[in-house]
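In what follows, a structure is listed as structure tokens, so that the remarks can point back to it.
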Amino acid sequence: MALRIPSLIVRLFAGVGRTARVAAEHAGGLGTLSWQILVVTVQLRVHFRDVVRQLYIMGFQSLPIVFVTASLAGIVTSQQGGYQLVSTSPRYLLGTLVVQSVVLELGPLLTGIVLVGRIGARITAELGTMVVSEQIDAFKSLGRDPIAILAAPRVIAGVITMPLLVGFADGIGIGAGMIAARLDGGLGFGTFLYGARLFWHNWDLLYGFMKAVVFGLIIPLISVHMGFRTTGGAAGVGLTTTQAVMFMILTILILDAMFPPLLLQ
51 MALRIPSLIV RLFAGVGRTA RVAAEHAGGL GTLSWQILVV TVQLRVHFRD VVRQLYIMGF
111 QSLPIVFVTA SLAGIVTSQQ GGYQLVSTSP RYLLGTLVVQ SVVLELGPLL TGIVLVGRIG
171 ARITAELGTM VVSEQIDAFK SLGRDPIAIL AAPRVIAGVI TMPLLVGFAD GIGIGAGMIA
231 ARLDGGLGFG TFLYGARLFW HNWDLLYGFM KAVVFGLIIP LISVHMGFRT TGGAAGVGLT
291 TTQAVMFMIL TILILDAMFP PLLLQ
């Protein structure tokens with residue numbers, strides 16, 4: 051028993067060391083990739099048509115799922131808030147609850163998670179397949195920079211698209227919550243909007259869009275990074291895509307938890 055304890059401690063520290071090494075490798079890779087994307091963008095080596103194509107894929111094609119997600123978020127928030135506020139608080143507070151919840155938290159976070167599943171996984175799988183099929187090597191042999199062709203357009207489009215989608219999600223979520231409050235609790239639109247305006251701060255909207263910009267940068271950046279690191283054929287593509295999705299969701303949740311103490315205090 052005495053010999054097992056040191057062995058367990060050694061394995062524990064070995065696991066911590068491996069985790070720290072992997073985290074450092076990813077951090078270094080993301081930093082290098084960010085710098086390379088910045089360089090090719092400043093040098094105007096990114097084709098406008100590539101950015102537009104990614105804007106269409108990330109933005110326009112994501113509208114239906116964002117619409118459904120935001121609508122359900124607004125409806126559930128309204129119903130849950132109405133249940134909790136019954137006979138305990140003024141009814142107009144439901145407007146405040148729905149608007150603040152959607153703008154500050156649900157709009158940016160749920161839209162980010164939707165884009166992780168729809169865009170992040172797609173980018174990782176696409177680039178991973180290109181790596182294992184040696185298409186990336188073919189680009190390099192022809193003198194074409196994969197960063198300018200594949201990475202930068204996706205990251206630029208993500209930064210532009212995410213705030214637009216979050217603004218769309220905010221409007222849909224608030225509208226759905228307002229309708230749900232009217233149908234379920236008989237709360238008039240005027241009373242709902244009165245409660246929403248009563249505690250509204252313009253900073254709240256800016257705060258939500260700041261989240262959107264950060265998430266819009268992180269999602270394609272991580273997915274491109276993981277896609278370029280893919281090895282091992284088709285099985286490797288699947289494994290890397292799964293890891294990328296977990297990595298992106300965890301990163302978004304951590305960043306989301308960091309925003310309130312940094313920007314709402």
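Under my numbering, think of the first position of the sequence shown as 51, with each following residue one higher. Backbone N, C-alpha and C define an ideal beta-carbon position, used for all residues, glycine too. Note that the structure is a prediction, hence the values are computed from the model and not measured.
Contact between Pro-158 and Val-116 does not hold, since their C-beta atoms are separated by about 12 Å, which reaches or exceeds 8 Å. Taken in chain order, the complete alpha helix (DSSP H) segments of 4 or more residues contained in the stretch 182-232 are 185-191. Runs of the alpha helix (DSSP H) lying entirely within the stretch 109-174, each at least 4 residues long, are 113-135, 143-151, 157-165 in chain order.
Taking a contact to require three or more Cβ pairs closer than 8 Å, the stretch 226-237 and the stretch 267-283 do not qualify as touching. By the CB criterion at 7 Å, Thr-119 and Val-164 fall inside the cutoff. The C-beta distance from Ile-302 to Phe-265 rounds to 6 Å, short enough to meet the 8 Å contact threshold.
If the five residues before and after Leu-313 are omitted, its C-beta is found closer than 8 Å to the C-beta atoms of Tyr-257, Met-260, all from its own chain and listed in chain order.
Rounded to whole angstroms, Thr-292 and Leu-243 show a C-alpha spacing of 42 Å.
At the C-beta level, Leu-143 and Gly-245 come within 7 Å of one another. Taking Val-263 as the centre and dropping the five residues before and after it, the same chain places the C-beta of Val-209, Met-212, Pro-213 closer than 7 Å to its C-beta, in chain order. Nearest Cα to Leu-300 within the set Gly-282, Ala-285, Ile-269: Ile-269. For the options Gln-104, Gly-132, Leu-289, the alpha carbon positioned closest to that of Ala-201 is the one of Gln-104.
According to the DSSP assignment, Gln-293 belongs to the alpha helix (DSSP H) that extends over 283-313. For Arg-247, the enclosing alpha helix (DSSP H) covers residues 239-248. Look at Leu-267 here: in three-state DSSP terms it is helix. With respect to Thr-127, Val-148 sits close: the two C-beta atoms are nearer than 7 Å.
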